[in-house]
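From first to last, the protein sequence lines stand for chains R and A.
Be aware that the first sequence starts at 235, since it is given in my numbering, and climbs by one per residue.
Be aware that the second sequence starts at 2, since it is given in my numbering, and climbs by one per residue.
In this text, a Cβ means the ideal position worked out from N, Cα and C, and glycines have one as well.
Single-structure report; data block below.
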Amino acid sequence: MPDRRARQALGYAAAFVLALLMVAPFLWMLSTALMDEFEVYQAPPPLLPAAPRFANFPEALTALPFTLYFRNSLILAAATVAGQVITAAMAGYAFARHRFAGRTPLFAVYLGTLMIPGIALLVPRFLIVDAMGLVDTVAGLVSVELVAAWGIFLMRQYFLSLPRDMEDAARLDGASEWQVFTRVALPLARPALATVALFAFIDAWKALLWPLIVARSPNLRVVEAGVASFHGMYYANWPWQMAAAVAALVPVLVVFLVAQKAFLRGLAFGGFK
Amino acid sequence: MTAAHRRVAVLLVAVWAAASVGVAWRALRGLDRSARSHEALALARTLRGTTPVPAWPAGLTSGDSMAVRTEETPLVVRGRSGELITAPVKDADDWDIVGAVGVAARWRERAAAVALPLAAAFALGAMLLVAVPTVAGSGAAALAAGAAAILGSAALTTGVRLRAAAEALAPAGGDAASLDRLALREPSLALATLALVLLAACAAVAIGAVRWHADTAGRPVRVRETLGAWGFIAPSLVHLAVFTIAPVAFLLWISVHDWDLLASDRPFVGLAHFRELGADPLFWRALRNGLVYALYVPVTMVAALAAALLLDQPLRGIKVLRVVVFLPYVASTVAVALVWQWLLHRDFGLLNAALAAMHLPRVDWLGNPATALPALMLVSAWGQLGYMMVVYLAGLQAIPASLLEAARLDGADAWQRFRLVLWPMLRPVSTYLLLTGIIWSFHGFTLVYVMTEGGPAHATDVLVYRIYQTAWEFRRFDVAAAMSVVLCLLLLALTALQWRTVKGEPADA
Chain R
235 MPDRRARQAL
245 GYAAAFVLAL
255 LMVAPFLWML
265 STALMDEFEV
275 YQAPPPLLPA
285 APRFANFPEA
295 LTALPFTLYF
305 RNSLILAAAT
315 VAGQVITAAM
325 AGYAFARHRF
335 AGRTPLFAVY
345 LGTLMIPGIA
355 LLVPRFLIVD
365 AMGLVDTVAG
375 LVSVELVAAW
385 GIFLMRQYFL
395 SLPRDMEDAA
405 RLDGASEWQV
415 FTRVALPLAR
425 PALATVALFA
435 FIDAWKALLW
445 PLIVARSPNL
455 RVVEAGVASF
465 HGMYYANWPW
475 QMAAAVAALV
485 PVLVVFLVAQ
495 KAFLRGLAFG
505 GFK
Chain A
2 MTAAHRRVAV
12 LLVAVWAAAS
22 VGVAWRALRG
32 LDRSARSHEA
42 LALARTLRGT
52 TPVPAWPAGL
62 TSGDSMAVRT
72 EETPLVVRGR
82 SGELITAPVK
92 DADDWDIVGA
102 VGVAARWRER
112 AAAVALPLAA
122 AFALGAMLLV
132 AVPTVAGSGA
142 AALAAGAAAI
152 LGSAALTTGV
162 RLRAAAEALA
172 PAGGDAASLD
182 RLALREPSLA
192 LATLALVLLA
202 ACAAVAIGAV
212 RWHADTAGRP
222 VRVRETLGAW
232 GFIAPSLVHL
242 AVFTIAPVAF
252 LLWISVHDWD
262 LLASDRPFVG
272 LAHFRELGAD
282 PLFWRALRNG
292 LVYALYVPVT
302 MVAALAAALL
312 LDQPLRGIKV
322 LRVVVFLPYV
332 ASTVAVALVW
342 QWLLHRDFGL
352 LNAALAAMHL
362 PRVDWLGNPA
372 TALPALMLVS
382 AWGQLGYMMV
392 VYLAGLQAIP
402 ASLLEAARLD
412 GADAWQRFRL
422 VLWPMLRPVS
432 TYLLLTGIIW
442 SFHGFTLVYV
452 MTEGGPAHAT
462 DVLVYRIYQT
472 AWEFRRFDVA
482 AAMSVVLCLL
492 LLALTALQWR
502 TVKGEPADA
């Protein structure tokens with residue numbers, strides 16, 4: 235069937251163009267990161283460096299204390315992941331498994347918080363954190379994203395989809411509620427936990443606005459803010475800027491590629507938050 | 002009480018004790034970090050040129066006054082009668098340190114400040130050993146009361162000390178009140194007490210709950226289950242209360258009050274801030290920019306749908322593509338913004354090189370008010386295209402093949418099949434993508450911040466960026482709050498619309 239053949243060829247062409255479109259800027263980033271500082275100032279620009287200059291990476295990453303920034307970003311990401319995973323698992327489990335007084339109104343409250351755009355709460359959140367004396371501290375940096383209503387709903391849906399038989403069996407064997415949760419329910423919910431953790435990590439790694447306003451001193455900067463200020467300082471040195479950008483990308487890309495399955499599962503649940 | 006319960010109780014008390022000590026430490030240090038960053042800066046800005054730099058109080062020698070100029074952190078200078086803790090005050094550009102303010106602490110106060118928490122720690126330990134396993138309720142209450150008293154008094158002494166220091170620092174002719182504010186902000190006694198009471202209450206509730214749980218064997222199942230469930234929900238509920246629910250109320254409150262970091266009174270002003278916004282052309286500009294910017298969503302959706310239609314067939318390697326298209330979303334936004342800025346560079350950007358190769362004129366994408374916003378829309382479209390394509394692809398694959406087959410047998414051509422079968426079936430997906438996309442578009446900050454800073458000539462100034470600037474650069478938190486209320490209402494309306502179209506989907510409790 236020539237019709238189907240043509241259609242398939244068109245499909246492959248579309249796939250190729252789309253993939254190229256998505257990857258090209260990243261390749262360009264990498265290519266520029268390996269060029270000489272003045273090599274880039276040519277018209278038309280060279281697509282590949284004449285001789286790859288790997289020294290850009292150590293040079294760019296030591297021009298500002300990026301080790302410190304990476305440490306701060308890791309702290310932020312680790313705290314966010316831990317906070318969101320633990321609270322989402324606990325609350326999601328309770329909403330899915332327990333019938334208790336006040337459940338319906340409480341669930342309505344949680345749904346309500348899902349509606350409120352966090353971006354509109356920047357000012358009061360900042361002033362509250364400020365009043366707690368946490369501006370310019372690690373605690374203030376990690377505070378606001380420790381709980382994600384989104385993750386709670388994902389966990390709840392997941393627990394609802396799991397059979398309760400094993401939990402009941404554990405209860406009959408005399409396990410306490412806490413043991414049922416940690417020993418029986420949680421291991422079964424590992425895929426959903428991975429999804430919550432992955433999105434928490436990506437969001438924390440990409441966060442810029444909150445770190446910008448709450449972590450004001452240079453030694454609390456996260457990578458995103460560090461690269462942004464690097465951009466301002468080395469405005470004309472594009473290879474350095476691109477090297478810093480590549481470095482900022484690597485952790486989150488690695489995590490994403492390792493955990494794509496969890497990513498697609500989160501997408502199926504409700505896409506981007 | 003089992004060993005496990007005891008472990009939990011000990012853990013709770015330890016956490017609570019650590020938090021209390023943290024609060025106390027902050028109160029005692031009397032040097033709010035924020036005071037040395039934004040407050041000192043704002044104060045210096047208002048006082049610049051009008052008030053002399055505060056002098057050192059007599060009786061204290063500054064060990065090395067030059068150090069004040071270079072040190073970012075508070076400096077402790079030892080004197081005969083005690084210590085002077087200083088913090089730098091910077092000039093309006095946050096560049097030069099134009100002065101320093103200090104707090105003199107006498108040794109007696111310091112000793113009390115150290116002794117009180119120490120005593121508290123001992124009391125805590127004793128109570129933990131004695132009270133928790135036996136009489137939990139009274140033990141927790143005693144702990145709470147003791148801690149509140151101790152930390153409250155600590156905060157009080159700090160406050161007193163600061164006020165005394167401010168008076169000592171008052172220059173001739175200046176009024177002490179203005180310097181009171183210039184001096185490091187007092188750790189608010191009310192706030193410190195509130196924090197402590199909250200901490201103590203949490204500790205009491207937690208310990209009580211653990212105790213209760215420990216001997217629930219005899220209680221009805223229903224009560225036990227309710228208690229356990231609330232325990233599971235408590236952590237997230239506390240966080241939501243503090244960082245989501247309270248801020249909503251607080252936001253509304255700020256938006257109708259004058260909120261000046263320097264003034265202690267915050268009078269009710271009604272809708273004045275909203276009227277100010279209404280009269281501000283930049284606000285309308287930002288709103289309009291946001292709406293124009295959101296147009297990239299439907300445009301990208303069309304492209305995504307076209308791609309999905311082409312890809313909706315058995316193709317090898319489609320799984321790889323499905324991962325690749327998410328790279329722009331996953332990638333750090335600052336990195337993406339940088340590479341696009343480089344791609345869009347007027348003289349050496351790849352995009353303009355391509356245009357030149359086609360003998361088209363070069364475009365100053367980000368430097369021209371007419372093209373800056375479209376350039377940002379292009380970047381956003383690039384970032385969302387793949388995601389939308391995957392969602393459409395899933396939507397297409399959910400359509401039963403029999404429907405299309407039936408249409409084909411009825412003699413419908415490709416366009417009719419699309420218009421009469423596919424499009425109606427895809428409508429829920431499209432509505433979802435459109436609304437979430439628009440909501441998402443109003444969150445965009447990083448691209449604007451890195452690529453254009455709202456410029457040129459406010460061409461890319463969007464609401465979030467205006468809020469950021471108004472609050473953290475111009476220090477008008479009240480106006481920024483009013484703007485946030487507008488943004489919040491806008492997004493709430495969109496969210497409500499979206500939830501109506503997927504009625505009942507998440508709300509099936």
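**OP:** Output yes or no for whether 7 Å exceeds the beta carbon distance between residue 351 (chain R) and residue 292 (chain A).
**Re:** Start at 1 with the first residue of the first sequence, and residue 351 (chain R) comes out as number 117. Start at 1 with the first residue of the second sequence, and residue 292 (chain A) comes out as number 291. Cβ atoms of residue 351 (chain R) and residue 292 (chain A): not closer than 7 Å.
Subject >> First and last residue of the uninterrupted alpha helix (DSSP H) at residue 287 (chain R) >> reply: As a first step, residue 287 (chain R) is located in the first sequence; it is residue number 53 there, counting from the start. Element bounds for residue 287 (chain R): n/a, residue is neither H nor E.
Original post:
Which stretch, first to last residue, makes up the alpha helix (DSSP H) that contains residue 384 (chain A)?
Top reply: In the second sequence, counting from the first residue as 1, residue 384 (chain A) sits at position 383. Start and end: 370 to 398.
**OP:** Just the C-alpha distance for residue 392 (chain R) and residue 383 (chain R), rounded to the nearest angstrom, thanks.
**Re:** By one-based count along the first sequence, residue 392 (chain R) stands at place 158. By one-based count along the first sequence, residue 383 (chain R) stands at place 149. Distance between the alpha carbons of residue 392 (chain R) and residue 383 (chain R): 14 Å.
Subject >> Check: residue 430 (chain R) C-beta below 6 Å from any heavy atom of the ligand SAM >> reply: For the structure depicted, the ligand SAM is absent and the ligand set is empty, with no information on it obtainable.
Subject >> Where residue 520 (chain A) falls, given that 16 or more other Cβ within 10 Å makes a residue buried >> reply: No answer is possible for residue 520 (chain A): it lies beyond the span of chain A, which begins at 2 and ends at 510.
Subject >> Spatially closest choice to residue 360 (chain R) from R:445, R:279 and R:307, by CA coordinates >> reply: The residue you call residue 360 (chain R) lines up with position 126 of the first sequence. Here the closest residue by C-alpha is R:445.
Original post:
What beta strand (DSSP E) runs, 3 residues minimum, are completely inside the segment 342 to 395 of chain R?
Top reply: none
**OP:** Tell me, please, whether the CB atom of residue 360 (chain A) is closer than 7 Å to any CB atom in chain R?
**Re:** Position 359 of the second sequence, counting from 1, holds the residue named residue 360 (chain A). No, residue 360 (chain A) lies away from the interface with chain R (no Cβ there is under 7 Å from its Cβ).
Subject >> Chain-order list of residues whose beta-carbon lies under 6 Å from that of residue 450 (chain R) (same chain, five-residue window excluded) >> reply: For the purposes of this step, residue 450 (chain R) is identified with residue 216 of the first sequence, where counting begins at 1. Excluding positions up to five away in sequence, the list reads 370.
Original post:
Contact check, residue 488 (chain A) vs residue 443 (chain A) under 8 Å by CB: the rounded distance?
Top reply: Position 487 of the second sequence, counted from the start, is the residue given in the question as residue 488 (chain A). Position 442 of the second sequence, counted from the start, is the residue given in the question as residue 443 (chain A). Contact check for residue 488 (chain A) and residue 443 (chain A): beta-carbon distance about 7 Å, within the 8 Å limit, so the pair qualifies.
Original post:
Thinking C-beta only, is residue 466 (chain A) closer than 7 Å to residue 449 (chain A)?
Top reply: For the purposes of this step, residue 449 (chain A) is taken as residue 448 along the second sequence, with counting starting at 1. For the purposes of this step, residue 466 (chain A) is taken as residue 465 along the second sequence, with counting starting at 1. Result yes, Cβ atoms of residue 449 (chain A) and residue 466 (chain A) sit closer than 7 Å.
Subject >> Boundaries of the alpha helix (DSSP H) in which residue 313 (chain R) is found, first to last residue >> reply: Within the first sequence, the letter at position 79 stands for residue 313 (chain R). Under the DSSP assignment, residue 313 (chain R) falls in the alpha helix (DSSP H) whose first and last residues are 300 to 331.
**OP:** Report the option in A:306, A:242, A:231 and A:426 whose CA atom is closest to the CA atom of residue 219 (chain R).
**Re:** Residue 219 (chain R) is absent from the structure shown; chain R starts at 235 and stops at 507.
Original post:
Within 7 Å (strictly less), CB to CB, does residue 237 (chain A) reach chain R?
Top reply: Here residue 237 (chain A) refers to the residue found at position 236 of the second sequence. Cβ-Cβ to chain R under 7 Å: yes for residue 237 (chain A).
Original post:
To which residues does DSSP link residue 269 (chain A) through a beta bridge?
Top reply: Here the question's residue 269 (chain A) lines up with position 268 in the second sequence. Bridge partners of residue 269 (chain A): A:258.
Subject >> Endpoints, the alpha helix (DSSP H) within which residue 435 (chain R) is located >> reply: Residue numbering aside, residue 435 (chain R) sits at position 201 when the first sequence is read from its first letter. 424 to 440 is the extent of the alpha helix (DSSP H) around residue 435 (chain R).
Original post:
List, in order along the chain, the chain A residues whose C-beta lies closer than 9 Å to that of residue 241 (chain R)?
Top reply: Within the first sequence, numbered from 1, the residue matching residue 241 (chain R) stands at position 7. Going along chain A in sequence order, the residues near residue 241 (chain R) (Cβ under 9 Å) are 311 and 314.
Subject >> Beta-carbon contacts of residue 389 (chain R) that lie in its chain and below 8 Å, excluding the five residues immediately before and after >> reply: Along the first sequence, one-based indexing puts residue 389 (chain R) at 155. Cβ within range, chain order: 322, 323, 325, 326, 327, 330, 423, 426, 427 and 430.
Subject >> CB contact flag (residue 439 (chain A), residue 303 (chain A), <7 Å) >> reply: Working through the second sequence from its first residue, we reach residue 439 (chain A) at position 438. Working through the second sequence from its first residue, we reach residue 303 (chain A) at position 302. Taking C-beta atoms as the reference points, residue 439 (chain A) and residue 303 (chain A) fail to come closer than 7 Å.
Subject >> Extent of the continuous alpha helix (DSSP H) run through residue 316 (chain A) >> reply: Within the second sequence, numbered from 1, the residue matching residue 316 (chain A) stands at position 315. Per DSSP, residue 316 (chain A) belongs to no alpha helix (DSSP H) and is neither H nor E.
Original post:
Ends of the alpha helix (DSSP H) at residue 419 (chain R)?
Top reply: Taking the first residue of the first sequence as position 1, residue 419 (chain R) is located at position 185. Element bounds for residue 419 (chain R): n/a, residue is neither H nor E.
Original post:
Buried or exposed: which applies to residue 495 (chain R), given that a residue is buried once 16 or more other Cβ atoms fall within 10 Å of its Cβ?
Top reply: Taking the first sequence and counting its residues from 1, one reaches residue 495 (chain R) at position 261. With fewer than 16 Cβ atoms within 10 Å of its Cβ, residue 495 (chain R) is classed as exposed.
Subject >> Through-space distance from residue 470 (chain R) to residue 377 (chain A), alpha-carbon basis >> reply: Looking up residue 377 (chain A) in the second sequence gives position 376. Looking up residue 470 (chain R) in the first sequence gives position 236. Distance between the alpha carbons of residue 377 (chain A) and residue 470 (chain R) is about 21 Å.
Original post:
Can a CB atom of chain R be found closer than 7 Å to the CB of residue 488 (chain A)?
Top reply: Your numbering for residue 488 (chain A) matches position 487 in the second sequence. It does: the Cβ of residue 488 (chain A) has a partner Cβ on chain R nearer than 7 Å.
Original post:
Touch check for the segment 262 to 277 of chain R and the segment 469 to 487 of chain R: three-plus C-beta pairs under 8 Å?
Top reply: yes
**OP:** Quick one: give me the first and last residue of the alpha helix (DSSP H) that residue 480 (chain R) is part of.
**Re:** Residue numbering aside, residue 480 (chain R) sits at position 246 when the first sequence is read from its first letter. Counting along the chain, the alpha helix (DSSP H) containing residue 480 (chain R) begins and ends at 472 to 492.
**OP:** Could you round the C-beta distance between residue 481 (chain A) and residue 496 (chain A) to whole angstroms and report it? I think they count as a contact, below 8 Å.
**Re:** Stepping through the second sequence from its first residue, residue 481 (chain A) is reached at position 480. Stepping through the second sequence from its first residue, residue 496 (chain A) is reached at position 495. Incorrect: roughly 21 Å between the Cβ atoms, too far for contact.
Subject >> Three-pair Cβ contact test at 8 Å for the segment 420 to 430 of chain A versus the segment 393 to 412 of chain A >> reply: They touch, by the three-pair rule.
Original post:
With a cut-off of 7 Å, does the C-beta of residue 182 (chain A) fall near any C-beta of chain R?
Top reply: Sequence index remark: in the second sequence, residue 182 (chain A) carries index 181 (1-based). Legend: pLDDT at residue 182 (chain A) = 40, less than 50; position of this residue unreliable, value from coordinates given subsequently. Not closer than 7 Å to any Cβ of chain R, the Cβ of residue 182 (chain A) fails to qualify, so no.
**OP:** Run down chain R in chain order and give the residues with a C-beta less than 8 Å from the C-beta of residue 414 (chain A).
**Re:** Working through the second sequence from its first residue, we reach residue 414 (chain A) at position 413. Near residue 414 (chain A) there are no residues of chain R at all, since even the closest Cβ is about 13 Å away, more than 8 Å.
Subject >> Length of the line joining the Cα atoms of residue 281 (chain A) and residue 275 (chain A) >> reply: On the second sequence, residue 281 (chain A) is found 280 positions in, with the first residue counted as 1. On the second sequence, residue 275 (chain A) is found 274 positions in, with the first residue counted as 1. If you take the alpha carbons of residue 281 (chain A) and residue 275 (chain A), they lie about 10 Å apart.
Subject >> residue 468 (chain R), DSSP secondary structure in three states >> reply: The sequence position of residue 468 (chain R) within the first sequence is 234, counting from 1. Of the three classes helix, strand and coil, the one that applies to residue 468 (chain R) here is coil, per DSSP.
Original post:
Along chain A, which residues have their Cβ under 7 Å away from the Cβ of residue 325 (chain R)?
Top reply: Residue 325 (chain R) sits at position 91 when you count from the first residue of the first sequence. Close partners of residue 325 (chain R) in chain A (Cβ separation under 7 Å): 233, 234 and 237.
**OP:** Would you give the residue range spanned by the alpha helix (DSSP H) that residue 356 (chain A) belongs to?
**Re:** Mapped onto the second sequence, residue 356 (chain A) falls at position 355. Unbroken alpha helix (DSSP H) run through residue 356 (chain A): 351 to 358.
Original post:
Going along the chain, which residues of its own chain have a beta-carbon closer than 6 Å to the beta-carbon of residue 295 (chain A), five neighbours each way excluded?
Top reply: Along the second sequence, one-based indexing puts residue 295 (chain A) at 294. The residues are 439 and 442.
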